[in-house]
Structures are given as structure tokens and as C-alpha cells.
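In the UniProt record's numbering, the protein residues as written are 1 to 973.
Encoded as C-alpha cells, the structure appears first; notes follow it.
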Amino acid sequence: MSRSRNGCSTCKRRHRKCDETKPSCRECQKNNLDCEGYALKLQWDVGVASRGKLTGSSLPVLGTGSERKRQRVEIDGVEGPFGQFQALPLGYVENSPVSGLMDMQYPVIETEEPQWLQRRSDHEKHLFKEFIQKTVFLFYSTSTEDPFPLELQRLALQNEPLYLGLIATHVYNTNPRNPPPLFHDLCNQSLRLFREQLSGFDGTLDEGLINAGVFLCTLHLFQGIPWTAHLNSMMWVYHLFPQSKNAHLIGDLEYRFSLEAMAIMDIPTFVRGRDTPTLGIWGFLRSAQKASLTGLVGGVESVSGLPRSLLDIFGRMAHDDVEKDFADWEGHEGSIPHVHLWEAFRISGILISRRQKRTQTNSPSNEMLVCRLVAALDALYETRKREEYTHILATNSMLYPYTAARLEVTILQTRPSWVRTLRRCGSICDAYRDTPNAIILEEILDKALERGDNEVDLDRETKARGVELSRSEIILVPTPSQDPNDPLNWSKGRKSWNFTLVLAVTVAFFSAIVMQMVLWQQMIIDMHVTYDQLNYGVAFNSAGLALGSFLFIPLARKYGSRPCYILSTGLTAAVSWWSGRMETVGEMYVTNFLSGLAASINETISEITIADLFFVHQRGTANGFYIMAVMVGQFVCPCIVGVQAAAQDWRWTYYTTGIVLTILFLLFIFFFEETKFIPVTVGETRNTLSQGPPTLKNFKDSSTRADVQDSDYTSETHPPRLTYKQKMRFITRTDEPLWRNYLVPLKMFLFPHVLFSALQVASCVAFLILLTSSISMIFSAPPYNFNTAGVGLMSLGPFVGNFLGSVYGGVLGDWVVVQFAKRNKGIFEPEMRLYILLLPALLMGGGLVFFGISADKGWHWIYPSIGGAMFGFGMASMIDISCTIVIDIYQTLTAEAFISVTFIRNIPSIGVPFGVVGWISSIGISKLFIISGCVATGVCLLFIPYAVWGRRVRENTWQMYESVRELKGAARH
């Protein structure tokens, strides 16, 4: 008999006493106990999970404590002591944890209807009743005897947003693969009312409103809107973070369910495939409870169905000793199915921890753990079929341990019977079995098993498919509609073609903006202009850039991006042809202004196009391609322009640009599709929908969810594919008032973080103009005497620095943020990105100083190039991080925020060109760039106060943000 390190598995005495009398121990003999010896067995039969260590235990024991002789059930393909476990004879019920309850008449609370409820249609009231009597049982994991449904019903009858949110949840659940239009209509109504009530938040928490927020987070998951942003929003609006004014309410038991539901969604190990770390809600909640008079709340949490003591361990998965915590978990009393579920979660936690930390121990081995995990899930599958457990909802939480087991590919490849058992167990996850997300998860796991990939990374795989994971459920982000004309549903080739046109025109636009500076040497001779006049032309270009985004982007939001791309490309092409034939200074000013006006549209509308075409996980890559296109146009194309001008003539560079843009203009007219998508919403009035209740079939048949589409609030047909003529329509108009599109960007000026980002970007662009203007003047004169080709090649230094700075601020910056969040107990703050800006701040200023001194003293051209590279590194990092913070904080107002940033950014750029020649003449190159370097460093170092007090600023302006977001209205992304 194998010995357990902890001694007797029956009386728990240490092995020293057990060794005195073998094979059974003295304590068991003294108490007349049937000793099971040294091999530790998990005692499922008494309804207590997880007593003792996880070393060497055999498979679970089912039944009552008094019965020692049980039926032996073989697990096919498992040899030795792990090939069997003991179970009571099994009864049979339908294949659903709530199938016996679907026909029961759950009591509906009769109360005096508030006015808003009297206005709701009979059809909506019928759907609400359907939710309370049926669907609610899929959204928590304790039992049907839990008072949660009645409490939720009471709150919903007092709060309209919650009422509508529950109906929307029910409608979605009837057909999760193809949610009907009514679902989207109810979501929008619930969200609008929720924001209205939230805007009047006075510090007193409304329990119904909090529950509405929780269910809206769930509904946003259905629609593919990342839930982490909404959790963060709710925590800030309610002021529930530590040290905020309502922090004392975190531990208030009255709001415990709502806050616990938020916390479960936020625990890192239950939320996979997202970029933002945990907010730490579970830790806040438990710390507040511990500090309260009542102390920590025990028992079982309703949504997950797990004991809170076990959730505490999952909440600290990042700790090094978490495996020991799982092994030492004291357990909890509960029903037999729940005990199996808890042991499955406990073993899953150990396996996931080992996978994350890449640790491996031999006691117990991973194979032993997987064996026990499969056995626990199989036991849960069997016990749920017993009639006395039909009221238990434990299987609603099976997906996490199921996924943990399926990830152990190497072990499962040698145990095909275990795979069959797992597939059988996974088929009963009623809460999410039929969702497209669960199907995608199964596909990822099956492919990993097929190719033997034991290192499969769910985070990477889900992001590669445009999904996010919550409680191991995958959600498309954003969820595409069923409309084949939705750009999110386009094929990869179709998306790539349209996006390639955007990238091509981006290169052309940014090349057209900066190419003139390379040509100054020839233009001075040919047009008889001065450096002052040429710099004034740059100012006119910057003025066009500042005005264009503010004037035209709101029009793009209302009428679509296609007309804006066509008009801006056509205008830039015309201006390029004109520039090649211009003869006067006045023409130069006009063409520069029009060029900036047209090119400004590209700066913001490209971000809108990326959001239209790509899922959230793909937008990082798409933005990377866009930034690379900007860098090629701004730094590489001037090199080519300089070489061409030296070989031919400066006018031919404009002709070449005009040819390229004319071709792009024609391609946009005949081949670029509108990416703005107007989803189909409810086409009938509420009276039409209320003509009769839907025909809901019995939920016992798992196929009935898809059949519910025959009811009168769903649609069996999808919109037809657009014809070529419809795809190429010039305008895609929406009904929102145009003034609102202009007003929202103006309101974004009021947000300090937008102003901070705009100031940093403005500083970078202003000094970039100073640098590029000086390159044209300095290196075309003695001692360098470069021709146009040599002047153009001097852009390579800033290009290299810019590339490295983008890597530093992007890839490395994201990694560093995660590390800071881990040190901060898993709490992510957008201002954490600012912590790495010290190096870019010093390099940006230092690069300007080094460039100015080396160029002024006539050193070898490599030294000014190094200075330019240092400046480019700092500039790229500052712009990248400053803009990313805006996206982190104002996710739903990104386009409007960047209109404000672009406008402010170009204001200093208008003034700088007017002073360049005068500054160089009066104080010299060295002093000019020394002063510029000091100013640039000073502006960059403003990140320090924002890193210290930025969170407080966000908290104080959050209500204003909510009001602006309400003014804008809901958006898909």
C-alpha cells in the first residue's frame, strides 16, 4: 500500500502514528473506524470538497459516508488504480441541468406597476416572465432554490434599465447564434436609460441600477464590446476604488451580489484574450469586507457557484505559492454536484498555474491531476443525471475546468478515452453550449489536440481569431452582425484590398506634405523665393492640417468615409499637378494650404476605417501597418524625392506624385467600398411586436434554441449581398444631427488627458518641423553643400530613430505596463504607460542639442544623423504613448478626441516656420537647438505630474466624460 505524506486518509493522523500499526492506523482502531490506510482518497460522499493535500490520491468516491460497498464503474482505457471509481446506481433525467424546471411556474411578484412599466407592451412583459421562469437559471450556478431570481425580479420591477436588460438577455438566449433585431433594440434602450440615470448619480448607490450595469456588461459581451472598459467605467462612476469617496460601500452586503458579479468577470484567470490587466475588484471587495464589522463573507458565490474561499485563491493566481494554496484549501460543504465542481476548479487552478509559471512537480504529476480532473468532471456529469440533483445548477460553470483539461494536449493524446469523456462532459454546458464563441473555443482546442500543441496559448489564439474570453467563453470583439455586407464579415482578401488602398494613399499624403522641404534648394533658384517665404509655405500647410480634420471628419461620420477619401485624394492629386507648374509665391501658399487641408482627413479617418474593418485584436496590427505607412511617407519618400529631383527636376517630383495620386483617385472611385456600416435594427413598431407572444419550444431539446427563430421577433433571412453599384454608392448617410458631430470634438478640449496628449504631440511635431526645415537650409550650404539627393537622405536618421521609438513605446511599453500592473496587485492604470517616458524625454531633447551642435560645427554628416535618430526615437515614443493613453481612457470617443488632438497639434506648427530663419540668423544654430532641446525636455517631463495625479484627474472628470458619451450616442466600437 502506498503511503501518503500526510498519513491516514481516514482520521488524518500523521504517518508516525499510522506506522505503529500497519496497514491501518491506531486512531482508526480506537474509534472503530473502517480505516482506508495511507492512500489518500477524496471524500466526496459526505459533501465536503478538498480535504488535505493532492498527493497520490485516487479517484473520487461518491455516495454516503456509511456505504463502503459501491458499484465499480470502469473508465475506458485507464489502467491500474486510476481506471475505476466508485459510484451509486444512477438515475436518468433529461440532458439539461434545468430541464425539469422549464415547465414549472416560478412565482411572479405582483406589485403595483410604476408608470414606466405601464407603458411597456404586453409582449415585453411576457418576455420578462419567460426570463424569470426559464432563462435566469442559466446565469448563475448554485440552485433553483437560491433567492436570487426573486430578488432580481423585485429589483427589475423597480428599475427600467434592468428590466429591459433582462428581456434582452432572454431574447439573446433564444438564439445566440443569430440574435434577433429585437435584442439590439432592447440593448440600446437599456443602455440609454442606464446612462440617463447614471448621469444623475449623487453618491447614493441604487441597487437596481448597479444590477442593470452588471447585466449591461453581460449584454456588451454578447455584442462584442470589451467588458473591461465597462467594469472600469462603473467602478469610477460609482467611486468604488480604494481611497475614493464611496470606497466604504465596497463591503456593503446590500450590494454584494452586483459587486461580486463584476469581480468574477474581472479575475484574470477567468478572463483570457484581453490586453488590459485586472482592475482588482475582487481584492477590493474582500479587503473591504475584512475591514468591516461583519468580516469576510463566507459561503458560495451565486454566479460562479464557487466558495468565496476558493475564489480568494483564484484571485491571487499570480502569486508564486498559489499551488500550495490550492492544495491546502480547507474545503467547503455543499451538494454532491457542487463538490465535484469545486474539486474540478481546484485541480484546474493548479494546472493553469503550472502552465502560466511553466513549473512542474512530480507530486502529484500533471497526468495524475488530469486524471482526477477528468474523473471529477465525469462524476459531475453523472450526478447531474440523478433526480435528486435536478435543481442544482453546477454545470453552468463547467467550461473553465473543461478548458483546463483540454489544454493538457500531450497527456490527452495518449488517453483518447479521456478526450471522449471530456467531450461528453462539455456537451452539457447549457449556458454557452450553442454560442458561436463556444464553437470557436472547441475548434481551437481540437486543432491543438490534432497537431499535438501542448503549448497552445489561448490568449494568442483567441486574439488571432478576433475574440475575447470571459470565464473561458469567447466573444467576438466587436461581434459582427449576420449581415454579409458588414465589413467585419468581409473576407480577408476584401479587407486587405480596401486597407491597402488606405495605406497607399497614406504614404502619398504624408510624402506630399514633407517633400517640398527637400526641394527648397532648387525652388529658390527656379522661383526666386527666399527661405522665409518657403517657411511661410510650411505654415500654410500646417494651417490646412489643423482645420481639415475639424471641418471634414464630422462629415465623414455622417456621410461615410468613401466620399472623404475620394475628394481628398482627388484634391491632393490636383494640387500636385498644380504644384509642378506653379510660378509664384502666392500659388505656393495656396497649394500648400490645400494640400494640408486634404491630407488632414487621412490622419483621423484612417483610424475610423481600421475600427470599421477589423476586430479589436487585429487593430494593433492594422495600426502598425498604418504607422509604418506614415513613416515611409514622412521619411523614406523624401529620400526618393531628392534623388529624382537631382536626376530630373523638382517639378517632376510633383508630376510623379500627381500620377500616383491620380491612379489612387481612380482606384478609390471604382474599387474602394464604404466601410461605414449601418446595422439593421427593429423594423416593426412595438405594437407590431406585441400582436402575440413568441412560440417558445421546450428547452429540454438542445436544438430548440435555433428553432425559436420562427417566432415573430426574429428573422429567418439575412439582407441580400449588395450589388456592385450599391457598394460603390457615393454617400452612406445616417440620421444623427450634424451639429452633434461638431460639438462632441469641441467638448473633448475640456479633458486634461486630451490636452496633455495634444501638448506632447504638438511639441514633437513642432520640433520635427524645426529639424526638417533646418536640414534643408544647413546641408545645402557650406561646409556640406549637399544636393537635393543628399538633403533627402538626411531623413534616414530620424526614420531609424522613429522605428526604434515605435518599438519602445509600443511593444516594450505594453510589456512594461503589465509588469507594473502585477506589482500594483493586478490593478491597471492608464498612467502606468507614462513611467517609461523618462528615456524618450531625455533622448528627444538631447538629440536636438546634439544635432544642432554637430551641424553648426560642420562635423561629419553621421553625427547630425545620430542626433536626428535620437530625436526620432524620443518623438515616436512620446507620440505613441500619449496617444495610447487617450485610447485607453476615452475608448468610445477616440475619433472625437483625436480631432481635438490634431487641431491643437498643428497650432504650434503654424508659428514655428515663421521664426526659423530669423532665429538662426540672430542666435545661431547651436543656441537655437540647445534652447529647443531644453524646451522639448521640459514639455516631455510634464508626464511626471500626470503620472502622479492623473488618476485623480480622471476620477474628477468621469461624470463629464459620461455626459459627452451620452451626447455622442452608442456606437459599435
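Ideal Cβ positions, reconstructed from N, Cα and C, are used throughout, including at glycine.
The structure presented is a predicted model; accordingly, all values stated were derived computationally and were not measured.
Where residue i falls, given that 16 or more other Cβ within 10 Å makes a residue buried
i, result
"Asn785", "exposed"
"Cys934", "exposed"
"His123", "buried"
"Thr584", "exposed"
"Val948", "exposed"
"Gln118", "exposed"
"Asn956", "exposed"
"Gln819", "exposed"
"Ala821", "buried"
"Gln115", "exposed"
"His860", "exposed"
"Arg721", "exposed"
"His528", "exposed"
"Arg358", "exposed"
"Thr390", "buried"
"Trp815", "exposed"
"Phe183", "buried"
"Ile352", "buried"
"Asp206", "buried"
"Leu750", "exposed"
"Thr500", "exposed"
Candidates the options, of which the one nearest residue i by Cα
i, options, result
"Leu667", "Glu455, Met234, Asn498, Thr902", "Asn498"
"Phe677", "Phe284, Ala556, Met794", "Ala556"
"Thr788", "Gln521, Val917, Gly950, Gly847", "Gln521"
"Ser141", "Leu193, Leu186, Ser335, Phe779", "Ser335"
"His319", "Ile923, Arg823, Thr884", "Arg823"
"Gly213", "Asn159, Ser922, Ala394", "Asn159"
"Gly874", "Leu843, Asp266, Leu893", "Leu843"
"Glu145", "Phe509, Asp735, Ala394", "Ala394"
"Glu113", "Ala156, Thr135, Asn802, Leu127", "Ala156"
"Asp852", "Gly872, Gly924, Arg965, Thr884", "The question names Asp, but residue 852 in the sequence shown is Gly. Considering only alpha carbons, the answer is Gly924."
"Trp739", "Tyr536, Thr609, Phe550, Tyr381", "Phe550"
"Leu209", "Cys940, Leu198, Arg562", "Leu198"
"Val916", "Ala645, Glu896, Ser776, Arg358", "Ser776"
"Leu838", "Ser877, Ile862, Tyr863", "Ser877"
"Gln413", "Met398, Ala448, Tyr400, His340", "Ala448"
"Ser139", "Glu301, Arg154, Ile281, Arg192", "The sequence given here places Phe at residue 139; Ser does not occur at that position. It is Glu301."
"Leu928", "Asn802, Ala781, Ser774, Glu966", "Ser774"
"Met523", "Gly580, Pro401, Ala327, Phe215", "Gly580"
"Leu377", "Gln760, Ala405, Leu193, Met317", "Ala405"
"Leu661", "Thr530, Phe552, Gly570", "Gly570"
Residues bridged to residue i [DSSP beta-bridge criterion]
i, result
"Pro307", "Val300"
"Ile392", "Ser143"
6 angstroms Cβ shell around residue i - same chain, five flanking residues per side excluded
i, result
"Ser511", "Gly633, Cys637"
"Asp275", "Because the pLDDT of Asp275 is 48, which lies under 50, any placement of that residue in the model is unreliable, and the number read from its coordinates should be weighed accordingly. The answer is none, since no qualifying residue turns up."
"Val538", "Pro913"
"Arg51", "Because the pLDDT at Arg51 is just 35, under 50, the model does not fix this residue reliably, and the point stays unresolved."
"Pro745", "Glu896, Ile899, Ser900"
"Arg651", "Gly580"
Beta-carbon proximity list for residue i, same chain, < 8 angstroms, skipping 5 on both sides
i, result
"Lys725", "none"
"Phe128", "Ala156, Tyr163, Leu166, Ile167, His170"
"Glu831", "Ile885, Tyr946, Ala947, Gly950, Arg951"
"Ser561", "Ile605, Ile608, Thr609, Asp612, Glu674, Thr675, Lys676"
Own chain partners of residue i with C-beta closer than 7 angstroms, once the 5 adjacent residues on each side are dropped
i, result
"Gly918", "none"
"Asp856", "Gly924, Ile925, Ser926"
"Ala936", "Ser763, Phe767, Met844, Gly845, Leu848"
"Arg833", "Gly813, Val817, Ile881, Thr884, Ile885"
"Asp532", "Val917"
Checklist entry - Enumerated in chain order, which unbroken segments of the alpha helix (DSSP H) with a length of 4 residues or greater are wholly contained in the segment 745-787? => result The qualifying runs are 752-778.
Checklist entry - In chain order, which continuous runs of the alpha helix (DSSP H) of length 4 or greater are located wholly inside the segment 149-224? => result The segment 149-224 contains these whole alpha helix (DSSP H) runs: 160-174, 181-199, 207-223.
Item to check | Unbroken stretches of the alpha helix (DSSP H), 4 residues or longer, contained in the segment 861-895 | outcome: Runs of the alpha helix (DSSP H) inside the segment 861-895: 862-889.
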